[in-house]
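*Asks:* In this note's numbering, the protein residues as written are 504 to 749. Take a look at the following structure, please.
Given below as structure tokens:
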């Protein structure tokens with residue numbers, strides 16, 4: 504049974520990906536910052552898995568997560584770099600502390616985790632890195648400079664791994680979701696003065712005129728990691744209801 508490590512796997516897209524990968528026959532390592540939520544997620548999986556607790560802002564987290572996966576599963580065949588933070592702010596408004604945290608978690612940790620995983624996969628004969636970027640990694644969504652830049656960085660990370668390590672049997676794919684009905688988005692909608700109007704505003708920016716669901720993004724992640732996508736590398740799967748087509 505192949506093993507996959509999913510970061511940010513205790514809620515939203517990450518949890519949906521963990522559950523869908525498990526359903527597809529993967530052994531799943533659930534990585535997150537909260538012990539209780541991680542254990543609950545493992546319990547929800549239809550198949551076997553484990554959990555590891557790490558703060559990706561810390562330098563030792565990537566190696567610790569790979570080591571935990573190898574210890575519990577005996578192998579590592581795929582990594583899903585999903586964990587991310589979000590903040591608002593234009594170049595004129597951006598605070599250094601917000602920039603540093605998003606760069607550390609969204610981009611630096613993903614690069615370092617991919618690096619640790621690729622070194623192992625190269626020795627093991629191959630593997631897959633799936634980087635969960637965003638529509639904001641492809642187009643400049645107004646008012647969120649740091650988030651856009653980190654998500655764009657994941658797209659380039661994917662391309663670099665693909666061209667540098669294809670000969671090692673390693674693939675890399677970016678999955679770029681549009682705005683998705685995760686708990687964070689639901690909370691933002693509920694906090695709005697007019698929740699229905701706010702949701703309509705979010706949905707109306709895309710031709711599909713609705714938000715995505717975590718399951719729809721998870722399906723793309725499962726496909727990207729699967730043998731069915733064995734000729735796919737260095738590219739993006741965009742699941743955004745048509746936002747980037749306009």
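Virtual Cβ for every residue (Gly too), placed ideally from N, Cα, C. Owing to the predicted nature of the structure, the values given are computational and were not obtained by experimental measurement.
1) Is residue 713 close to chain D, meaning its C-beta is less than 9 angstroms from at least one C-beta of that chain?
2) What did DSSP end up calling residue 619 once you bin it into helix, strand or coil?
3) Please check the pair residue 524 and residue 569, which I expect to be a contact at CB under 8 angstroms, by giving their CB distance rounded to whole angstroms.
4) Name, in chain order, the residues that DSSP records as bridge partners for residue 680.
5) In whole angstroms, give me the CA-to-CA distance for residue 607 and residue 533.
6) Taking the beta carbon of residue 710 as the centre, do at least 16 other beta carbons fall within 10 Å, making it buried, or is it exposed?
7) Just how far apart, CA to CA, sit residue 640 and residue 544?
8) Secondary structure at residue 532, three-state DSSP: helix, strand or coil?
9) Say whether the stretch 688–701 touches the stretch 652–666, bearing in mind that this needs 3 or more beta-carbon pairs closer than 8 angstroms, one atom from each stretch.
10) Compare the beta carbon distance of residue 535 and residue 512 with 9 angstroms and say whether it is the shorter of the two.
11) Determine the burial state of residue 584: buried for a count of at least 16 other Cβ atoms within 10 Å of its Cβ, exposed for fewer.
12) My assumption, with CB atoms under 8 angstroms, is that residue 668 sits in contact with residue 615. Please give the rounded CB distance.
13) Report, in whole angstroms, the separation of the C-beta atoms of residue 548 and residue 521, which I expect to be a contact under 8 angstroms.
14) Kindly confirm or deny that the stretch 660–679 and the stretch 712–719 touch, where touching means at least three C-beta pairs closer than 8 angstroms.
15) Going residue by residue through the stretch 637–669, where are the continuous alpha helix (DSSP H) segments of at least 4 residues, counting only ones entirely within it?
16) Is DSSP giving residue 587 helix, strand or coil here?
17) What is the DSSP secondary structure of residue 674, counted as helix, strand or coil?
18) Can you tell me where the beta strand (DSSP E) holding residue 628 begins and where it ends?
19) Among 557, 566, 582, whose alpha-carbon lies nearest the alpha-carbon of residue 678?
20) Straight-line CA distance for residue 732 to residue 696?
21) Going by DSSP, what residue range makes up the beta strand (DSSP E) through residue 554?
22) Nearest-angstrom Cα distance between residue 637 and residue 577?
23) Going by DSSP, name the residue or residues bridged to residue 581.
24) According to DSSP, residue 515 sits in a beta bridge with which residue or residues?
25) Need the endpoints of the alpha helix (DSSP H) that residue 701 sits in, please.
26) Where does the unbroken alpha helix (DSSP H) through residue 723 begin, and where does it stop?
*Replies:* In short:
1) No chain D is part of this structure, which consists of one protein chain only.
2) In the chain shown, counting from the first residue as 1, residue 619 sits at position 116. Here residue 619 sits in helix by DSSP.
3) As a first step, residue 524 must be located in the chain shown, where it is residue number 21. As a first step, residue 569 must be located in the chain shown, where it is residue number 66. Wrong, their Cβ atoms sit about 17 angstroms apart, outside the cutoff.
4) Translated into the one-based positions of the chain shown, residue 680 becomes position 177. DSSP lists 742 as partners of residue 680.
5) As a first step, residue 607 must be located in the chain shown, where it is residue number 104. As a first step, residue 533 must be located in the chain shown, where it is residue number 30. Between the alpha carbons of residue 607 and residue 533 lies a distance of about 20 angstroms.
6) Locating residue 710 in the chain shown gives position 207, counting from the first residue. Exposed is the call here.
7) By 1-based counting over the chain shown, the position of residue 640 is 137. By 1-based counting over the chain shown, the position of residue 544 is 41. Approximately 28 angstroms, taken between the alpha carbons.
8) Here the question's residue 532 lines up with position 29 in the chain shown. It is a strand residue.
9) no
10) On the chain shown, position 32 is the one that residue 535 refers to. On the chain shown, position 9 is the one that residue 512 refers to. Cβ atoms of residue 535 and residue 512: closer than 9 angstroms.
11) Your numbering for residue 584 matches position 81 in the chain shown. Residue 584 comes out buried.
12) For the purposes of this step, residue 668 is identified with residue 165 of the chain shown, where counting begins at 1. For the purposes of this step, residue 615 is identified with residue 112 of the chain shown, where counting begins at 1. Not confirmed; about 16 angstroms, so no contact.
13) Stepping through the chain shown from its first residue, residue 548 is reached at position 45. Stepping through the chain shown from its first residue, residue 521 is reached at position 18. Their Cβ separation, rounded to whole angstroms, is 7 angstroms, which keeps residue 548 and residue 521 in contact under 8 angstroms.
14) Short answer: they don't touch.
15) 648–668
16) Taking the first residue of the chain shown as 1, we reach residue 587 at position 84. DSSP places residue 587 in coil when its eight states are reduced to three.
17) The residue given as residue 674 occupies position 171 in the chain shown. Of the three classes helix, strand and coil, the one that applies to residue 674 here is strand, per DSSP.
18) Within the chain shown, residue 628 is the residue found at index 125, counting from 1. Per DSSP, residue 628 belongs to no beta strand (DSSP E) and is neither H nor E.
19) Within the chain shown, residue 678 is the residue found at index 175, counting from 1. Residue 678 has its Cα closest to that of 582, out of 557, 566, 582.
20) Reading the chain shown from its first residue, position 229 is the one you call residue 732. Reading the chain shown from its first residue, position 193 is the one you call residue 696. Distance between the alpha carbons of residue 732 and residue 696 is about 44 angstroms.
21) Position 51 of the chain shown holds residue 554. Residue 554 -> beta strand (DSSP E) spans 552–556.
22) The residue given as residue 637 occupies position 134 in the chain shown. The residue given as residue 577 occupies position 74 in the chain shown. Roughly 31 angstroms between the two C-alpha positions.
23) Counted from its first residue, the chain shown places residue 581 at position 78. In DSSP, residue 581 forms a bridge with 507, 631.
24) The sequence position of residue 515 within the chain shown is 12, counting from 1. Bridge partners of residue 515: none, in fact.
25) Working through the chain shown from its first residue, we reach residue 701 at position 198. Residues 698–706.
26) Looking up residue 723 in the chain shown gives position 220. 717–728 is the extent of the alpha helix (DSSP H) around residue 723.
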